[in-house]
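Here is the structure we will look at.
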Amino acid sequence: MDADQPLSRVLFPRRYPAYIIQAIRKVYPWAALFLSQRRVEMMLEAAVGFGLNAVNGAAKGKTLSVNVAVPVIAKGTQYVIDTAPPAVIKAAGGADGIAARIFRKLDLDDHASEAVVLVPAQEQIAAGTVDADELRRMDEMTRR
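All residue numbers in the sequence shown are consecutive under the numbering used here, ending with 264.
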């Protein structure tokens, strides 16, 4: 090692940065996918929590009846649509994908099925019967 040669040049010759850049380019799509999936999961947890707090008769750890599960899914889905970035909503499969994922996360009674719970919730979401102002008021109440 010459005295006038910088330490970084000795530790990292010119060829190493190219290898590092190639490695990052190969790993980046996987890392981006992992991070977006993690963000979707966090969003879904928030949606389930919001839906459970927004509907009377719903509580975490409680088995939900059909009458309670439909508005929990609809309100949770609408909350995500109103608050999440579009890229996260797209990664989750849009409104129908979000509703389906919330449906799978809930503890439902024996009479619940996709036809009885998920389809009516998706119809409510599509019809826009979940009001964004109501969601904001409920969000403020849950933050207190």
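Glycine residues also receive a C-beta, built at the ideal position from the N, C-alpha and C atoms.
- Leaving aside the five residues that flank Q242 on each side, the residues in its chain whose CB is nearer than 7 Å to its CB run, in chain order, D216, A219.
- DSSP places L172 in the helix class (H, G or I) of the three-state scheme.
- For L164, DSSP records no beta bridge to any residue.
- The Cβ atoms of I222 and A167 lie closer than 7 Å to each other.
- For T203, the enclosing alpha helix (DSSP H) starts and ends at 186-203.
- Using a Cβ distance threshold of 7 Å, L164 and L226 do not count as a contacting pair.
- Annotation: V208 to V160 spans about 6 Å, alpha carbon to alpha carbon.
- Bridge pairing for L228: L184 [DSSP].
- Nearest to K210 by C-alpha distance, out of R224, Q157, G196, is Q157.
- If you ignore the 5 residues before and after A189, its C-beta comes within less than 7 Å of the C-beta of L226, L228, A232, V237, all in its own chain and listed in chain order.
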